[in-house]
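**Q** Below are the structure tokens for one structure; questions will follow.
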Amino acid sequence: MAVSGFEGFEKRLELHFSGDNPLGLRYLSIDDLQQVLDAVQCSIVSAAGNHSFDAYVLSESSLFLYPHKIILKTCGTTQLLRSIPSLLHHAADLGLRLHSCRYSRGSFIFPAAQPFPHTSFSDEVRFLDARLPPTLRFRKASVMPSATSPHSWHVYSAADDEFSVLPPCGPTIEVCMTELDRSLARRFHRRKGDDRSGDEAGAEMTELTGIGGINRRALVCGFAFDPCGYSMNGLDRDRYSTIHVTPEDGHSYASFECVGGGDMMDYLRKVVNVFRPVAVSVSVSGGGGDEGGVCSAVANALEPLGLSCRNRAAEDFPGAGTVTYQTFTARRK
Amino acid sequence: MGHHFSTPAAFAAEEVDSPILAIHSKNAWNDHWKSHKDSSKLMVIDFTASWCGPCRSIAPAVKAMAAKYTDVVFVKIDVDELSEVAQQWKVQTMPAFVLVKGGREVGRVVGAKKDELEKKIAQLRA
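Chains as they are written, first to last, in our numbering: chain B, 1 to 333; chain Y, 334 to 459.
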């Protein structure tokens, strides 16, 4: 196990707004957007948009901009929470009002390498509490543990209303995979002497690894980093999907996230087959009150792949609804 | 609270003094298409939307490419203004760059991927 290396586990921030401008956040100028990203220390690598939202692949993860919702997911040692003051300022300029904020992350593989305020969950919670407006009066922070491993799921949410409305796009699923199959992870390394652009090499990786087959309806923007690493954003009507891969031996990691309904378990199965990890964690939010049903559906998708469910937990969060958390590990052959 | 929601400034400025021809009507497009088929030049059709941030993010790079590759014709179409043309070319995600030669599509880049776009232009312009 490496003493230190690139941190794959992401920090994720989701903000919901309301306002009169139908374009909402999509009206942000590129300069203003870059200013927000400068605070986080990442930059735009590629981007695409459709009638519903804009999707940006960043140097360290992804950004999704809907008119009234922003999702920012960054890895490595980025200081994600530092985007908040700038984001709230620009949103206010656009006449938008903040309704809820949710911050979540797994457990860092290299926690000592994280800069403030990501030095601990309590530091992050204090930072969030201080920077969110007092109109978001319902707040909760919780660490959802997993009985058999050091991994946990950290969730903070703040909302101006205790009860959330079910999201129109459907629930969100966040999957974290570690100890990836080594020969599959090797497909995310660039070949020596390959001088193609990251976009071209990324498009090839998307097809060769089977990622392109997860949802054929989606337009996929894949990017291959040098010497290794891969990121993709998928756009399918109003639904985004995103995959990020840190393939290095010793601290390999891959994440998958998407929003939306009926095919979610099918995508989950396919993505686990792309990486064949030893350990997987799955968190579903906005799935309505039926946490038993959600956990069973996830377990039914993964158990046939040789993964056993080691724990399950569910909690309600203001503005985010029910959040489930399950961990799986591969059964010994 | 009143806000004047006009097209973001970056787009308006681009129309002045640009080697990129912005097409605003079906007639103008038909005329342009006719003249393209008679020439041997590569044409890059840049499908954009005023509400699409990624289109804005790559706009400066496209402008630079248009200035650099003077033997290539760059044309810009707004998918709301000319929605029929956008549908004809099956454009749903923006920006979309369709590369055409002799009346046929020879390449396409979907998304703000400037390295890939530049490489394709350099390869196909000969």
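All residues carry an ideal CB built from backbone N, CA and C; glycine is no exception.
Quantities reported herein were computed from a predicted structural model and do not represent experimental measurements.
Less than 7 Å between CB atoms is the rule here; does CYS42 of chain B satisfy it with respect to chain Y?
**A** Output row for CYS42 of chain B: interface = no.
**Q** Take ALA330 of chain B and list the residues in its own chain whose beta-carbon comes closer than 7 Å to its own, dropping the five residues that flank it on each side.
**A** VAL278, GLY306, LEU307, listed in sequence order.
**Q** Counting only beta-carbon separations shorter than 7 Å, does PHE6 of chain B have a partner in chain Y?
**A** Not one chain Y Cβ lies under 7 Å of PHE6 of chain B.
**Q** Does GLU303 of chain B have its Cβ less than 7 Å from a Cβ in chain Y?
**A** For GLU303 of chain B, the answer is no, since every Cβ of chain Y falls outside 7 Å of its Cβ.
**Q** Can you tell me the Cβ-Cβ gap for ALA400 of chain Y and ILE410 of chain Y, rounded? I've got them flagged as a contact below 8 Å.
**A** Actually they do not touch by this definition, with Cβ atoms about 20 Å apart.
**Q** Select from B:PRO117, B:GLY289, B:ARG312, B:ARG269 the residue whose C-alpha is nearest the C-alpha of PRO304 of chain B.
**A** Minimum Cα distance to PRO304 of chain B is reached at B:ARG269.
**Q** Could you check where the beta strand (DSSP E) with HIS337 of chain B kicks off and where it finishes?
**A** The requested residue 337 of chain B is not part of the displayed model; chain B covers only 1 to 333.
**Q** Note down, one range per segment and in chain order, each alpha helix (DSSP H) of at least 4 residues found wholly within the segment 110 to 157 of chain B.
**A** With a minimum length of 4 residues, the continuous alpha helix (DSSP H) runs that stay inside the segment 110 to 157 of chain B are 121 to 131.
**Q** Please report the residue range of the alpha helix (DSSP H) in which ASP38 of chain B lies.
**A** 30 to 40 is the span of the alpha helix (DSSP H), which, as asked, contains ASP38 of chain B.
**Q** Starting from GLU346 of chain B and walking both ways along the alpha helix (DSSP H), at which residues does that stretch end?
**A** What is shown of chain B runs 1 to 333, which leaves residue 346 of chain B out entirely.
**Q** Rounded to whole angstroms, what is the Cα-Cα separation between ALA345 of chain Y and LYS370 of chain Y?
**A** For ALA345 of chain Y, the predicted structure reports a pLDDT of 49, less than 50, and the residue's modelled location is therefore unreliable. The matter cannot be settled from this model.
**Q** Using the DSSP secondary-structure output, state which residues sit across from PHE17 of chain B in a beta bridge.
**A** Answer by DSSP bridge pairing, in chain order: B:LEU98.
**Q** How would you list, in chain order, the residues of chain Y whose beta-carbon sits under 7 Å from the beta-carbon of ASN300 of chain B?
**A** Going along chain Y, no residue has its Cβ under 7 Å from ASN300 of chain B, so there is no contact; the nearest lies around 33 Å.
**Q** What does MET427 of chain Y touch in chain B if you count any residue whose Cβ is under 8 Å from its own?
**A** Within 8 Å Cβ-Cβ: ALA48, GLY49, ASN50.
**Q** Residue range of the beta strand (DSSP E) that SER308 of chain B falls in?
**A** Residues 307 to 317.
**Q** Which residues in chain Y sit within 8 Å of ILE243 of chain B, going by Cβ to Cβ distance?
**A** Result: empty, since nearest Cβ-Cβ is about 16 Å, beyond 8 Å.
**Q** Whole angstroms is fine: what's the gap from GLU14 of chain B's alpha carbon to THR403 of chain Y's?
**A** Near 44 Å, if we compare the C-alpha coordinates of THR403 of chain Y and GLU14 of chain B.
**Q** Given a cut-off of 7 Å on the beta-carbon distance, is the pair GLY106 of chain B and PHE9 of chain B in contact?
**A** Taking 7 Å as the Cβ cut-off, GLY106 of chain B and PHE9 of chain B qualify as a contacting pair.
**Q** Could you name the residues of the segment 378 to 389 of chain Y whose beta carbon sits closer than 8 Å to any beta carbon of chain B, in the order they occur along the chain?
**A** Residues ALA382, TRP384, CYS385, GLY386, PRO387, CYS388, ARG389.
**Q** Can you check which of these residues, B:ARG312, B:PHE317, B:ILE214, is closest to GLN326 of chain B by C-alpha distance?
**A** Answer by Cα proximity: B:ARG312.
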